[in-house]
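Single-structure report; data block below.
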Amino acid sequence: MKDHFAPTQRFLVLHDYGMGGLWWWVHARSVREVRETFAEVEVVETQETVAEAEGWDLEEVRVDGASTPAGLADLRALREAQRGLDGFGALADREIVWLRRSWDEEDGEGRTLYLLEVGSDGRRLRQVERGPDGRGVRSDPDDWAFNPPLFDLFDPELVGMEIGEEEFEAAWRGARHVDEVEQEGQG
């Protein structure tokens with residue numbers, strides 16, 4: 022059966038921004054249709070959360086509806102802007118993606134380079150952080166207070182950040198665990 026002929030289902034959709042999130046019920050033919058239509062969202066499928074959300078009085082939206090609530094409309098517009106770009110959706114069907122991303126330090130001390138192993142849901146699985154001094158610090162979900170989905174694998178911008186598994190693994194092996202670095206700093 023082709024996806025465009027499938028009956029619609031009701032999906033619990035979350036735009037998680039780290040310290041909170043926006044939630045909706047979206048009627049669509051598939052999880053993929055939701056993710057292709059709205060940027061930076063996840064479809065939450067854990068039975069406990071779905072059951073709890075039944076009592077939240079969330080807005081209900083059709084994926085192909087004429088009107089979309091605030092917040093979700095912005096995510097649709099972002100996705101539409103991405104859709105025509107080279108690389109759109111190129112990483113979306115991968116179970117694991119390895120990325121290299123740099124961020125400027127807030128204190129102006131230089132750039133921090135992150136080598137990231139990212140799951141299909143956009144959450145980090147492991148990361149290596151390299152500061153301006155070049156030393157690597159590795160961490161995983163057990164080390165983080167929050168692990169929202171940081172990466173939308175449909176985003177064409179991510180294609181230019183992709184690295185190979187070998188590069189990530191070499192950095193992982195060469196990095197010290199975050200606990201070692203923190204203990205050294207306290208000593």
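Counting from 1 along the sequence shown, just add 21 to a position and that's the residue number in the numbering used here. Ideal Cβ positions, reconstructed from N, Cα and C, are used throughout, including at glycine. Being a predicted model, the structure only gives us computed values, none of them experimental.
Between which two residues does the beta strand (DSSP E) containing residue i stretch?
i: L137; result: 132–140
i: L93; result: Looking at the DSSP string, L93 is not in any beta strand (DSSP E); the run it does join, the alpha helix (DSSP H), is 93–104.
i: R145; result: 145–151
For residue i, which residues of its own chain have a beta-carbon under 6 Å away from its beta-carbon, when the five flanking residues on both sides are left out?
i: E186; result: W119
i: Y135; result: R122, Q148, E150
i: V65; result: L33, L35
i: M22; result: Residue placement at M22 cannot be trusted, given a pLDDT of 41 that sits under 50; what the coordinates show is reported in the next sentence. Within the same chain, M22 has no close Cβ partners at all.
Can you check DSSP and say which residues form a bridge with residue i?
i: A232; result: Because residue 232 is not part of the residues shown, which for the chain are 22 to 208, the question remains open.
i: W119; result: E138
i: E81; result: W46
i: E63; result: L35
i: G86; result: G86 pairs with nothing; no bridge assigned.
How should residue i be labelled, buried or exposed, when 16 other C-beta atoms within 10 angstroms of its C-beta is the threshold for buried?
i: R100; result: buried
i: E89; result: Reading the sequence as shown, one finds Thr at residue 89 and not Glu. It counts as buried.
i: H36; result: buried
i: A72; result: exposed
i: P153; result: exposed
i: T173; result: Contrary to the premise, residue 173 reads as Asp rather than Thr in this sequence. Buried.
i: E63; result: buried
Going along the chain, which residues of its own chain have a beta-carbon closer than 7 Å to the beta-carbon of residue i, five neighbours each way excluded?
i: M182; result: L120, R121, R122
Work out the CA separation of residue j and residue i for me, nearest whole Å.
i: R194; j: E57; result: 35 Å
i: T29; j: D142; result: 22 Å
i: W124; j: A27; result: 42 Å
i: S51; j: V82; result: 14 Å
i: G105; j: L96; result: 15 Å
i: D200; j: S160; result: 9 Å
i: V34; j: W46; result: 6 Å
i: D163; j: E61; result: 23 Å
i: D85; j: G110; result: 19 Å
Whose C-beta lies closer than 8 Å to the C-beta of residue i among residues of the same chain, with five residues either side of it excluded?
i: D107; result: P177, V180
i: M40; result: F167
Which two residues bound the contiguous alpha helix (DSSP H) that contains residue i?
i: G195; result: 186–195
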